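Protein chains in written order, with the numbering used here: chain A, 1 to 114; chain B, 115 to 229.
We treat Cβ as the ideally placed atom computed from N, Cα and C, and that holds for glycine.
Because the structure is a prediction, the values reported are computed rather than measured.
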Amino acid sequence: AAGVIQSPRHLIKEKRETATLKCYPIPRHDTVYWYQQGPGQDPQFLISFYEKMQSDKGSIPDRFSAQQFSDYHSELNMSSLELGDSALYFCASSLKGGVYTEAFFGQGTRLTVV
Amino acid sequence: AQKVTQAQTEISVVEKEDVTLDCVYETRDTTYYLFWYKQPPSGELVFLIRRNSFDEQNEISGRYSWNFQKSTSSFNFTITASQVVDSAVYFCALSELDSNYQLIWGAGTKLIIKP
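Following this line, the structure appears as structure tokens:
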């Protein structure tokens, strides 16, 4: 069965550079969530989209932005990268109704900022 | 205050032992959902179970079982006859209306199964 696809799997960037992470949800899923997980931490909710509109916002820095496109894939854009942005970034998708349905997670993108 | 508490930071057992991971939650909602996710060393988050607040039936799936007790606000996870492949970080999470149904995560319990 198709799962949530994230690309790239690994990314190395220098400080002050920009990065774009992509997420392709499970077909027919209309809600996408982004999470950031620092080393040894639990995932922190960044932002979510439902039907291409932002539906909820968590602890997303102003340097980050995201959107969901007409084909429901989503991109997380990160600018002026800082060392502290090094983390595992997860995307999850679900059907309308939110996270109380099973939220399926992608394999994550490991971002390293040097 | 912590909404989801996983008091055990790390547990280490020998293979074939049974092990229980504790999860205590806090919510004022009457409708809420509880989850367990497994995060193996490879890093992905693997969905294990979702339970809604109206269903207190315990669940068993192979060597995994879950004990949901509303009276104590607990949703504990037991692995019987543990195996080395069970080694991972396990997260308990809560989804409630008060938080717009976003996942509220516990800090995770690192489970180490020694051969």
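Nonlocal neighbours in the same chain, by C-beta distance under 7 Å from P8 of chain A, ignoring five residues either side: The residue you call residue 8 of chain A lines up with position 8 of the first sequence. Closer than 7 Å at the Cβ level, and outside the excluded window around P8 of chain A, lie T109.
Amino acids of chain B, ordered along the chain, whose beta-carbon sits closer than 9 Å to that of Q107 of chain A: If you number the first sequence from 1, residue 107 of chain A lands on position 107. The contacting residues are S156, G157, E158 and L159.
Range covered by the beta strand (DSSP E) that runs through C91 of chain A: Mapped onto the first sequence, residue 91 of chain A falls at position 91. From DSSP, the beta strand (DSSP E) with C91 of chain A extends over A87 to S94.
Within 7 Å, strictly: CB atoms of E158 of chain B and Q107 of chain A: Here the question's residue 158 of chain B lines up with position 44 in the second sequence. Here the question's residue 107 of chain A lines up with position 107 in the first sequence. Going by C-beta atoms, E158 of chain B is nearer than 7 Å to Q107 of chain A.
Start and end residues, beta strand (DSSP E) containing Q36 of chain A: Position 36 of the first sequence holds residue 36 of chain A. Secondary structure note for Q36 of chain A: its beta strand (DSSP E) is the uninterrupted segment T31 to Q37.
Three-state class that DSSP yields for K224 of chain B in the structure shown: As a working note, residue 224 of chain B is residue 110 in the second sequence. The answer is strand: DSSP assigns K224 of chain B an E or B state.
Chain-ordered neighbours of F104 of chain A on chain B, where CB pairs are closer than 8 Å: Position 104 of the first sequence, counted from the first residue, corresponds to residue 104 of chain A. The contacting residues are F161.
Chain-ordered neighbours of D42 of chain A on chain B, where CB pairs are closer than 8 Å: For this step, residue 42 of chain A is matched to residue 42 along the first sequence. Per Cβ cutoff of 8 Å: F205, W219, G220, A221 and G222.
Sub-7 Å separation of A202 of chain B and L217 of chain B beta-carbons: Working through the second sequence from its first residue, we reach residue 202 of chain B at position 88. Working through the second sequence from its first residue, we reach residue 217 of chain B at position 103. No, the pair does not count as a contact, with Cβ atoms beyond the cut-off.
Backbone secondary structure at T112 of chain A - three-state DSSP: Here residue 112 of chain A is taken as the residue at index 112 of the first sequence, counted from 1. T112 of chain A: strand per DSSP, three-state reduction.
M78 of chain A classed as buried or exposed, judged by whether at least 16 other C-beta atoms fall within 10 angstroms: Position 78 of the first sequence, counting from 1, holds the residue named residue 78 of chain A. It is buried - the Cβ of M78 of chain A has at least 16 other Cβ atoms within 10 Å.
Rounded straight-line distance, which links the Cα of L88 of chain A to that of G38 of chain A: Start at 1 with the first residue of the first sequence, and residue 38 of chain A comes out as number 38. Start at 1 with the first residue of the first sequence, and residue 88 of chain A comes out as number 88. For G38 of chain A and L88 of chain A, the distance between alpha carbons rounds to 6 Å.
Proximity winner among B:S126, B:S179 and B:S188, relative to Q120 of chain B (alpha-carbon distances): In the second sequence, counting from the first residue as 1, residue 120 of chain B sits at position 6. Nearest option by C-alpha distance: B:S188.
Closest Cα partner of I12 of chain A within the set A:E82, A:F104, A:S94 and A:L95: Indexing the first sequence from 1 puts residue 12 of chain A at position 12. Nearest C-alpha to I12 of chain A: A:E82.
P25 of chain A classed as buried or exposed, judged by whether at least 16 other C-beta atoms fall within 10 angstroms: Stepping through the first sequence from its first residue, residue 25 of chain A is reached at position 25. Buried is the call here.
Local Cβ density within 10 Å of T45 of chain A, reported as buried at 16 or more and exposed below that: Looking up residue 45 of chain A in the first sequence gives position 45. Note on residue identity: the sequence assigns Phe, not Thr, to residue 45 of chain A. Flag for F45 of chain A reads buried.
Run of the beta strand (DSSP E) containing C59 of chain B, from where it starts to where it stops: With chain B covering 115 to 229 only, the question about residue 59 of chain B has no answer from this structure.
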